[in-house]
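Those sequence lines, one after another, are chains A and B.
Here the first sequence is numbered in numbering that gives the first Met the number 0, starting from 0 and rising by one per residue.
Here the second sequence is numbered in numbering that gives the first Met the number 0, starting from 0 and rising by one per residue.
For every residue, glycine included, the Cβ atom is placed at its ideal position computed from N, Cα and C.
Protein chains: 2
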Amino acid sequence: MGLTKTEIFTEEQNRLSSLFKVLGHPARIAILQHIIDQKACICNDLVEELGLAQATISQHLKELKTIGIIQGTIEGKSVCYCIDEKVWKQFQENLNVFFNQDASTLQCC
Amino acid sequence: MGLTKTEIFTEEQNRLSSLFKVLGHPARIAILQHIIDQKACICNDLVEELGLAQATISQHLKELKTIGIIQGTIEGKSVCYCIDEKVWKQFQENLNVFFNQDASTLQCC
DNA sequence: ATATTACATCGCAATATTACGATAATAAAT
DNA sequence: ATTTATTATCGTAATATTGCGATGTAATAT
């Protein structure tokens, strides 16, 4: 089938998993790390930096943009992609809520 | 193609993204939450709890087991799946390392 | 011994994802 | 105006994922 049954899950479960899903590709992790390192970035940098075609990278950037974790500003003939600090922090909080469920009592067997 | 080019990324990028990937499905989030709530679990519980077939849930459990975040102990004719506290904490740390890159200077445009 | 219960695994169909070449779109440079 | 540079989008091929019925396996119950 390949079709996730989103309707049987809570909104929170769907939202959280879709965030994780976007981060579930090494190219997208690499893109985020590169943006952070450079404190700025344009797509063409990434084409040289990573070993992927321009079309592929543009696609990955689009997915990152979809969840809002990066934001693109047109700057002349290139685009400046940056971390959206607000969304980044929201993301951090979401993960903390999920992972900070008292880990000390999780193990039962 | 559908084939991720893992060879062009660092080990850390591949490892981190594969962790995220496993969490990138609402059923697997739901399973983890259920295990945490119950402090224990067997697969059959989940079949009733979530609306997925037994085979499907068994498959999702397998993926969670692959990254080690849960662990299964045979208990008579059923299996007790639990959070592996050590791996859970490791995961937490990995995420923190990734997300705690000084967010204050991330935004550039 | 047989039946039942609880999972795991196999095999399949449907859909999603990844990657890329080709092509468009837009802005700057000549 | 034309060329060049940068990014987006389209179409397509290959592979991956999701979900499930059917079947296998192992332990308990009858």
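By Cβ distance below 8 Å, which residues in the same chain neighbour residue i in space, the five residues on each side in sequence not counted?
i        : result
A/Asn-13 : Thr-5
B/Thr-55 : Ala-26
B/Met-0  : none
In its own chain, which residues sit with a C-beta less than 6 Å from the C-beta of residue i, not counting the 5 before and 5 after it?
i        : result
A/Thr-72 : Cys-79
B/Thr-65 : none
Kindly say whether residue i, judged by its beta-carbon, lies nearer than 8 Å to any beta-carbon of chain A.
i         : result
B/His-114 : The structure shown does not extend to residue 114 of chain B, since chain B is modelled only from 0 through 108, so no value can be given for it.
B/Gly-23  : yes
B/Lys-76  : no
B/Leu-2   : no
B/Ile-109 : With chain B covering 0 to 108 only, the question about residue 109 of chain B has no answer from this structure.
B/Gly-67  : no
B/Ser-57  : no
B/Leu-45  : no
B/Ile-7   : yes
Does DSSP classify residue i as helix, strand or coil?
i        : result
B/Ile-69 : strand
B/Ile-82 : strand
By Cβ distance, which residues of its chain are closer than 7 Å to residue i, with the 5 residues on each side in sequence left out?
i         : result
B/Trp-87  : Ile-68
A/Glu-48  : His-33
B/Leu-113 : Within the shown structure, residues of chain B are numbered from 0 to 108, placing residue 113 of chain B beyond reach of any answer.
B/Phe-90  : Leu-18, Ile-68
Could you tell me the distance, in whole angstroms, from the CA atom of residue i to the CA atom of residue j?
i        : j         : result
B/His-59 : B/Cys-42  : 10 Å
B/Glu-74 : A/Glu-62  : 43 Å
A/Lys-38 : B/His-24  : 31 Å
B/Ser-77 : B/Ala-29  : 20 Å
B/Asp-83 : A/Phe-97  : 15 Å
A/Leu-2  : A/Glu-11  : 19 Å
A/Leu-94 : B/Asp-36  : 17 Å
A/Glu-92 : B/Gln-53  : 33 Å
B/Phe-8  : B/Gln-100 : 20 Å
B/Cys-81 : B/Gln-70  : 5 Å
B/Gly-50 : B/Lys-85  : 30 Å
B/Cys-40 : A/Cys-40  : 46 Å
Taking 8 Å as the threshold (beta carbon to beta carbon), is residue i in contact with chain B?
i        : result
A/Asn-93 : no
- Are three or more beta carbon pairs between the region 9-24 of chain B and the region 14-22 of chain A nearer than 8 Å? yes
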